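Residue numbers (numbering that gives the first Met the number 0): 0 to 127. Quick reminder that beta carbons are idealized off the backbone N, C-alpha and C, glycines included. The model shown is predicted, which means the values in this text are computed figures rather than measured ones.
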Amino acid sequence: MNLFLIESSETTPQIRFDEEAHYLEIIGESYPENTAKFYNPLFDRITQYLATPGGKKLAVDLLLAYFNSSSLKVFMNLFDLLNEAAKKGAAIEVNWYFEAGNDLSQEYGLEFKEDLDALRFSVLQKEG
């Protein structure tokens with residue numbers, strides 16, 4: 000099983016990337032002390048995955064209760080990477096979940112959606 004897993008901490012989200020299931024999940028809060036250091040291993044893994052024959056589809060779920068500006072930049076870079084793969088024919092779907100009352104997260108999701116032309120990008124309120 001090709002599973003990339005980082006457990007959540009007080010300042011970082013849980014990241015679960017299951018290559019066999021073609022699924023990436025990022026859940027929690029994201030304000031690491033060194034954002035690039037935290038997310039670079041994920042970027043490396045996704046870049047490798049997209050270069051393989053099996054890396055032609057990916058479902059991504061994000062539910063972030065809080066994130067800082069440097070995390071926001073990382074997410075934009077991630078979406079740009081995925082958008083480029085989608086332009087080359089990869090079937091990539093991103094679900095940006097926000098909690099009821101978190102208008103800022105909803106707004107960022109809508110802005111991301113507007114900027115990405117090749118991804119199937121949905122902005123969804125978390126149920127429950």
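C-beta atoms of residue i and residue j nearer than 8 Å
i: Asn71; j: Tyr107; result: Looking at the sequence shown, residue 71 is not Asn but Leu. Closer than 8 Å, so yes.
i: Phe23; j: Phe78; result: In the sequence on display, residue 23 carries Leu and not Phe. No, the pair does not count as a contact, with Cβ atoms beyond the cut-off.
i: Phe66; j: Trp95; result: no
i: Glu92; j: Ala58; result: yes
i: Ala35; j: Lys56; result: no
i: Leu49; j: Ala99; result: no
CA nearest to the CA of residue i, picked from the options
i: Val73; options: Lys56, Ser8, Ala58, Ile25; result: Ile25
i: Phe42; options: Ser29, Phe3, Lys87, Glu92; result: Phe3
i: Thr51; options: Glu6, Ala35, Asn1; result: Asn1
i: Leu123; options: Lys86, Leu63, Ala85, Gly88; result: Leu63
i: Ser68; options: Leu103, Glu6, Lys125; result: Leu103
i: Lys204; options: Gly27, Tyr30, Ser7, Leu118; result: With the chain represented from 0 up to 127, any question about residue 204 goes unanswered, as that position is not in the structure.
i: Ser8; options: Asn82, Tyr48, Glu28; result: Glu28
i: Asn101; options: Lys125, Asn76, Asn82; result: Lys125
i: Leu109; options: Met75, Asp17, His21; result: Met75
The beta strand (DSSP E) enclosing residue i, as first and last residue numbers
i: Val70; result: Here the sequence assigns Ser to residue 70, which means Val is not the residue at that position. That residue, Ser70, is in no beta strand (DSSP E); its alpha helix (DSSP H) goes 68-86.
i: Leu23; result: 22-29
Reduced DSSP category for residue i - H, G, I as helix; E, B as strand; rest coil
i: Ala117; result: coil
i: Glu92; result: strand
i: Lys56; result: strand
Extent of the continuous alpha helix (DSSP H) run through residue i
i: Ala35; result: 34-49
8 Å contact criterion, which residue i and residue j should meet: CB distance rounded
i: Gln105; j: Phe97; result: 4 Å
i: Pro31; j: Thr11; result: 5 Å
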